[in-house]
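Participant: full-length UniProt numbering puts the last residue of the sequence shown at 78; the count rises by one with no breaks.
For each residue, glycine too, the CB sits at the ideal point set by N, CA and C.
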Amino acid sequence: MAEKDEKWPENVKGKFYVDEQCIDCDLCRETAPDFFTRNEDGGYSFVYKQPETPEDEELCMEALEGCPVEAIGDDGED
Numbered sequence: 001m002a003e004k005d006e007k008w009p010e011n012v013k014g015k016f017y018v019d020e021q022c023i024d025c026d027l028c029r030e031t032a033p034d035f036f037t038r039n040e041d042g043g044y045s046f047v048y049k050q051p052e053t054p055e056d057e058e059l060c061m062e063a064l065e066g067c068p069v070e071a072i073g074d075d076g077e078d
């Protein structure tokens, strides 16, 4: 399960975030490319835009549920 106190500083403020468990598998970026991107130097994903519609949130939840190391959290700052 993702930990708020271990989330990457690049995550934009909001509900979803990626923490330091990320293994750079690309699943979240393929599932929800409008919300997840990659830190090229560090080799990990982070949330660069929060979802605004129910459809957007559904894509982010799909990424969260598919994450093999549970590095995506949905209990960030609203």
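Suppose you measure from the CA of E10 to the CA of Y48; what does that come to, to the nearest Å?
Facilitator: Sequence index remark: in the sequence shown, residue 10 carries index 10 (1-based). Sequence index remark: in the sequence shown, residue 48 carries index 48 (1-based). So the alpha carbons of these two residues sit roughly 7 angstroms apart.
Participant: Under 8 angstroms, do F16 and C60 count as touching if we go by C-beta distance?
Facilitator: Indexing the sequence shown from 1 puts residue 16 at position 16. Indexing the sequence shown from 1 puts residue 60 at position 60. Yes, Cβ-Cβ distance for F16 and C60 is below 8 angstroms.
Participant: Could you work out which residue in Q21, E58, G42 and I23 is closest to F35 when comparing CA atoms only?
Facilitator: Stepping through the sequence shown from its first residue, residue 35 is reached at position 35. Considering only alpha carbons, the answer is E58.
Participant: Which partner residues does T37 have in the DSSP bridge list?
Facilitator: Numbered from its first residue, the sequence shown carries residue 37 at position 37. Partner(s): F46.
Participant: Please confirm whether Q50 has its beta-carbon closer than 8 angstroms to some beta-carbon of chain C.
Facilitator: Looking for chain C here will not work: only one protein chain is present.
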